[in-house]
Amino acid sequence: MKLVSPKTLLASLLGCTFVVMKVMTFDGLVDMFWIIFIGYLTVKAIVTAFSQEAYDEDIRQAQQGKVLYRDLFGKFAYIAADVPILLILLAGLLASVCSATTLLRATLIGLLLIAVGYAIWFSWYVSKHKRLRMKNGEWGTGILSTEDEKAWKRSNLWHGIILGITGVLFALYLIFGDLRIYFNNAKLEKTLSTLDCDSITLEKIVPFEWTTVYTFDPYTSKERIERVVGSKSPALKESVSEGMNHVVFTNRGRVVASVCTHPASTGYYLSFTGGENTYYSYSDGGYSHIEYGDEIVFEVMQDDGFVRLYARVEE
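Numbering follows full-length UniProt numbering, in which position 241 of the sequence shown is assigned residue number 241; successive positions increment by one, without gaps.
Encoded structure:
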């Protein structure tokens with residue numbers, strides 16, 4: 001068995017890795033769809049990588065597809081098939097950057113509906129003309145000019161670059177979560193660690209938009225934290241010892257800051273408890289929360305080299 005296309009083999013290995021990861025973390029019908037879909041493409045890629053006949057046929061079909069796209073869409077041919085993906089990426093970018101509002105939800109739904117509608121129309125339109133060419137004996141006879149070949153090579157190069165950048169950004173997001181969280185953490189540290197007053201409210205000093213702030217008891221699990229705040233993020237951590245600063249800020253259900261470290265590392269310690277804002281709904285501890293607009297007054301004290309902010313919420 002001879003290896004015909006190393007690139008195709010590499011793509012198939014990435015597909016195998018994806019399928020294995022999905023199988024190990026299987027979670028419902030959506031994962032089942034991706035396992036079947038990527039699994040099918042992976043098997044097809046492996047066959048193509050080791051079969052000269054399958055590889056040549058794949059190249060021939062791709063060549064005729066380029067000819068068809070050129071004839072149907074002209075200069076738009078190079079990105080005609082990418083419109084749904086671009087719309088989905090735009091929706092994902094808006095969802096990760098913007099706060100969850102009714103307008104955002106309507107915008108995301110609109111973008112996704114346009115993407116689906118365009119994909120259906122595009123598939124129907126291309127398939128229709130492909131069938132006509134096959135019926136008329138024109139499929140397989142199209143030829144690309146030298147200029148067209150160069151244009152498609154440039155298009156493939158840019159597609160590869162954009163795909164690589166997108167893949168890197170997606171990997172960073174999976175590992176670290178929303179990078180704005182870390183910027184907000186830094187701004188929060190700079191603001192709170194330099195406080196020089198006797199009392200303050202969070203509404204006046206927190207340097208980013210927020211709607212709810214939570215503090216958690218030591219050893220509260222990450223899964224429990226995610227259920228309480230109603231959001232998942234790689235930035236959410238589990239405190240591993242007593243005395244750690246464990247604070248999570250959210251903005252309309254999205255995590256915008258997450259601090260889980262010792263006060264000596266951040267220069268401040270933020271805590272509050274009492275009243276209807278504190279819950280002990282599980283056996284190994286509890287959590288407290290404050291909503292934006294509660295105007296809870298925090299006492300500010302200097303304590304062993306860091307600033308301590310504490311509030312006791314009245315019943």
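Cβ coordinates follow ideal geometry from the N, Cα and C atoms, glycine included.
Practice item. Leaving out five residues on either side along the sequence, give the residues of the same chain with a beta carbon under 6 Å from the beta carbon of R308. Key: Stepping through the sequence shown from its first residue, residue 308 is reached at position 308. So the list reads Y269 and M301, once near-sequence residues are dropped.
Check your understanding: How would you write the range of the beta strand (DSSP E) that W145 sits in, first residue to last?
Key -> As a first step, residue 145 is located in the sequence shown; it is residue number 145 there, counting from the start. The displayed chain sequence assigns Ser, not Trp, to residue 145. From DSSP, S145 is part of no beta strand (DSSP E); its letter is neither H nor E.
Check your understanding: Is the number of C-beta pairs between the segment 220 to 230 and the segment 181 to 191 that are closer than 8 Å three or more?
Key -> A contact between stretches requires three or more CB pairs, one per stretch, nearer than 8 Å, and the segment 220 to 230 fails this requirement with the segment 181 to 191.
Check your understanding: For the alpha helix (DSSP H) that contains L195, what are its first and last residues?
Key -> Here residue 195 refers to the residue found at position 195 when the sequence shown is read from its first residue. For L195, no alpha helix (DSSP H) encloses it, and the DSSP letter there is neither H nor E.
Check your understanding: Does DSSP classify H262 as helix, strand or coil?
Key -> Here residue 262 refers to the residue found at position 262 when the sequence shown is read from its first residue. Reduced to three states, the DSSP call for H262 is coil.
Exercise for review: Report the rounded CA-to-CA distance for T25 versus I35, giving the unit in angstroms.
Suggested key: Translated into the one-based positions of the sequence shown, residue 25 becomes position 25. Translated into the one-based positions of the sequence shown, residue 35 becomes position 35. CA-CA distance, T25 to I35, rounds to 11 Å.
Review point. Which value, in whole angstroms, describes the spacing of the CA atoms of F122 and G142?
Key: In the sequence shown, counting from the first residue as 1, residue 122 sits at position 122. In the sequence shown, counting from the first residue as 1, residue 142 sits at position 142. It is roughly 20 Å from the alpha-carbon of F122 to the alpha-carbon of G142.
Point to revise | Collapsed DSSP secondary structure at T8 in the structure displayed | key: For this step, residue 8 is matched to residue 8 along the sequence shown. Three-state DSSP puts T8 in a helix.
Exercise for review: Using three-state DSSP, classify N136 as helix, strand or coil.
Suggested key: Here residue 136 is taken as the residue at index 136 of the sequence shown, counted from 1. Here DSSP, grouped into helix, strand and coil, assigns N136 to coil.
**Study point:** For R312: DSSP bridge partner residues
**Key:** Taking the first residue of the sequence shown as 1, we reach residue 312 at position 312. For R312, which the question treats as bridged, DSSP gives the partners T273.
**Study point:** Y40, enclosing alpha helix (DSSP H) - first and last residue
**Key:** Translated into positions along the sequence shown, residue 40 becomes position 40. Looking at the DSSP string, the run of the alpha helix (DSSP H) that includes Y40 is L29 to F50.
Point to revise | Closest Cα partner of L86 within the set L163, A62 and P218 | key: By one-based count along the sequence shown, residue 86 stands at place 86. That would be L163, whose Cα lies nearest to the Cα of L86.
Exercise for review: Note down, in chain order, each residue of its chain lying with its Cβ closer than 7 Å to the Cβ of R70, except the 5 sequence neighbours on either side.
Suggested key: Within the sequence shown, numbered from 1, the residue matching residue 70 stands at position 70. Excluding residues up to 5 positions away in sequence, A77 and D148 lie with their Cβ nearer than 7 Å to the Cβ of R70 in the same chain.
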